[in-house]
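*Asks:* I'd like to ask you about the structure that follows.
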Amino acid sequence: MALPDLYGVLGVQPDSSEDEIKRAYRKLARELHPDVNKDPQAERQFKQVTAAYETLKDPVRRRQYDLFGTSGAPSADLFPFGDVGDLFDAFFGGGFGGRRSRSRRRTRTERGNDLFAPLTLSFDEAVFGTTKEVGVESLAECDRCGGTGCEPGTHPSRCARCGGSGEIQDVARSVFGTVMTARPCTVCEGTGQEIAAPCKTCNGQGRLPKNVSFTVEVPAGVADGMELRVAEGGQDGRGGGRRGDLYV
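Just so you know, we're using our numbering here: the sequence shown kicks off at 69 and counts up by one.
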């Protein structure tokens, strides 16, 4: 089974420059981000454009995709978030090529979302450069539990419903025989772990809303529509995952 057309997902051409791909992703990400777009399909589309961008922004992975990505023989190193099945999951919601018959177990560790903040500059600031303080509402690691979601002194335990597998097996009978399928466990949400004593401060989420500010160095000569990236200026990751970035 071939990989999806990642260039088409972002609305760019295969010979598009890195900047063109980045601009296309930022535009789509702003439109589809679940925090601003409440359409039920927006989150899925946001994951798709992010999956496409994470592959195409890396020169090595982009070259691999250009050589093998649409031929049905993808490399295991092509997609940066895990094995190549994750890329298919982002688009098709399941396994590929018959390799997977089971649902993929989630992890409690997740990278934080990127954040986007507007920045208004005067003419002189845009021409000569400046330093600005940018404030955003983010999700920060809970100080009480350290991001684990558990009360201090306690730890997650194996999910009693799924036995730690993160999935529930269903058996159905049909005219074709017995068919076994798997779905994410609804108790642990596919992580395989339960929190018996949720943190009283964050209610087991591991993160809390927090207003944060960053100092942004604006270079001279910026133009309307340009973006600046503040590395790890986004939301704290879940379960100790890496922070997202901030774009202004």
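Idealized CB from N, CA, C, for every residue including glycine.
Sorted by chain position, which residues of the same chain lie with C-beta nearer than 7 Å to G263's C-beta, five sequence neighbours on each side aside?
*Replies:* According to the sequence displayed, residue 263 carries Ile and not Gly. The residues are G217, C218, P224, G272.
*Asks:* For a test of the three-state rule: what should DSSP assign to H223, helix, strand or coil?
*Replies:* Looking at H223 - three-state DSSP - the assignment turns out to be coil, as it is neither helix nor strand.
*Asks:* F164 to R229, Cα distance in whole Å?
*Replies:* In this predicted model, F164 has a pLDDT of only 40, less than 50, meaning its place in the structure is not dependable; the value taken from the coordinates is given anyway. Using only the alpha carbons, I get a separation of about 27 Å.
*Asks:* What number of angstroms, rounded off, separates the C-alpha of K200 from the C-alpha of F282?
*Replies:* Rounded to the nearest angstrom, the two C-alpha atoms are 8 Å apart.
*Asks:* Looking only at its chain, what residues have a beta carbon closer than 6 Å to the beta carbon of L314, apart from the 5 residues adjacent to it on each side?
*Replies:* So the list reads L183, V298, G301, G302, once near-sequence residues are dropped.
*Asks:* Report the rounded CA-to-CA distance for P82 versus Y75, giving the unit in angstroms.
*Replies:* Using only the alpha carbons, I get a separation of about 6 Å.
*Asks:* When the Cα atoms are used, what is the spatial distance from L96 to D73?
*Replies:* Whole-angstrom Cα-Cα distance: 16 Å.
*Asks:* Check R91 in the structure and name its three-state DSSP category.
*Replies:* If DSSP states are grouped into helix, strand and coil, R91 belongs with the helices.
*Asks:* Can you name, in chain order, every residue of its own chain whose Cβ lies under 6 Å from the Cβ of T249, other than the five neighbours on each side?
*Replies:* Within the same chain, T249 has close Cβ partners D238.
*Asks:* Taking the continuous alpha helix (DSSP H) assigned at P127, which residues delimit it?
*Replies:* 127-132 is the extent of the alpha helix (DSSP H) around P127.
*Asks:* Do C256 and C227 come within 8 Å of each other at the CB atom, strictly closer than that value?
*Replies:* Cβ distance < 8 Å, so C227 and C256 count as in contact.
*Asks:* Can you give me the start and stop residues for the beta strand (DSSP E) that K278 sits inside?
*Replies:* Counting along the chain, the beta strand (DSSP E) containing K278 begins and ends at 275-286.
*Asks:* Would you check if the distance between the CB atom of G197 and the CB atom of P127 is smaller than 8 Å?
*Replies:* Taking 8 Å as the Cβ cut-off, G197 and P127 do not qualify as a contacting pair.
*Asks:* Quick one: what's got a C-beta closer than 8 Å to I236's C-beta in the same chain, skipping five residues either side?
*Replies:* R229, C230, A250, R251, P252, C253, T254.
*Asks:* Would you mind sorting G221 into buried or exposed? The rule is 16 or more other CB atoms within 10 Å of its CB.
*Replies:* That one is exposed.
*Asks:* Should G312 be labelled buried (16 or more other beta-carbon atoms within 10 Å of its own) or exposed?
*Replies:* Burial call: buried.
*Asks:* With a Cβ-Cβ cutoff of 8 Å, do V80 and A92 count as a contact?
*Replies:* It is a contact, given that the beta carbons lie within the stated cut-off.
*Asks:* Tell me, which residues are paired with R297 by DSSP?
*Replies:* R297 is bridged to Y315.
*Asks:* Hey, quick one: how far does the alpha helix (DSSP H) through K115 stretch, first residue to last?
*Replies:* Segment 110-124, the alpha helix (DSSP H) holding K115.
*Asks:* In three-state terms, what does DSSP make of R306?
*Replies:* Looking at R306 - three-state DSSP - the assignment turns out to be strand.
*Asks:* Using the C-alpha atoms, what's the distance from G308 back to C213?
*Replies:* One C-alpha to the other measures close to 11 Å.
*Asks:* Between which two residues does the beta strand (DSSP E) containing L207 stretch?
*Replies:* Start and end: 198-209.
*Asks:* Which term fits Q116, buried or exposed, when burial requires 16 or more other beta carbons within 10 angstroms of its beta carbon?
*Replies:* By the 10 Å Cβ count, Q116 comes out buried.
*Asks:* Using only alpha-carbon positions, find the residue among T269, T123, I89 that is nearest to C210.
*Replies:* Ranking the options by Cα distance to C210, first place goes to T269.
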